[in-house]
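Count along the sequence shown from 1, add 6, and you get the number used in my numbering.
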Amino acid sequence: MDLNFLSEMYVPIVMAGCLITGYILKKWLKDSGNKWIPTILVVLGAALGCLANGQITLQNIVYGAFTGLASTGFHQAFKQLISRTSKNDCKKEGQDE
């Protein structure tokens with residue numbers, strides 16, 4: 007299955023807005039276990055997608071929602087990369103965790 011069409015749905019400005027908002031929500035909603043953050047970012051992404059493209063269309067809503075949800079996955083991938091890198095740095099220095 008070719009999934010290259012997904013790269014066409016990516017809206018960089020929406021990604022940036024959702025990443026920033028997701029980071030802030032993660033700090034504010036510690037007690038809720040962060041379960042609402044993906045839902046909030048999908049809705050925010052849909053709204054920002056329409057705002058970024060200047061019109062409310064189904065395509066802009068879907069592209070924005072997709073980008074908002076992708077920002078949660080992007081955050082997790084970045085978090086794991088940083089975690090893996092810091093563990094490797096500690097091992098190189100001879101420190102145990």
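A virtual CB, placed ideally from N, CA and C, is assigned to each residue, including glycine.
Proximity of residue i and residue j at Cβ, strictly below 8 Å
i: G74; j: N66; result: no
i: S89; j: M21; result: no
i: T63; j: L47; result: no
Unbroken alpha helix (DSSP H) run spanning residue i, endpoints
i: T27; result: 18–34
i: G55; result: 43–59
Integer-rounded CB distance, given that residue j should sit under 8 Å from residue i
i: I43; j: K32; result: 6 Å
i: V17; j: A71; result: No, V17 and A71 are not in contact; Cβ-Cβ is about 10 Å, not under 8 Å.
i: F80; j: L25; result: 7 Å
For residue j and residue i, the rounded distance between their alpha carbons
i: I30; j: A83; result: 18 Å
i: G51; j: S38; result: 21 Å
i: V49; j: Y69; result: 11 Å
i: T45; j: Q61; result: 22 Å
i: Q86; j: I19; result: 23 Å
i: G23; j: A53; result: 11 Å
Cβ of residue i within 8 Å of any chain B Cβ
i: L64; result: Any reference to chain B falls outside this structure, which holds one protein chain only.
Distance cut-off 7 Å: residue i Cβ against heavy atoms of the ligand COA
i: Q65; result: In terms of ligand content, the structure shown is empty, and the ligand COA therefore cannot be addressed.
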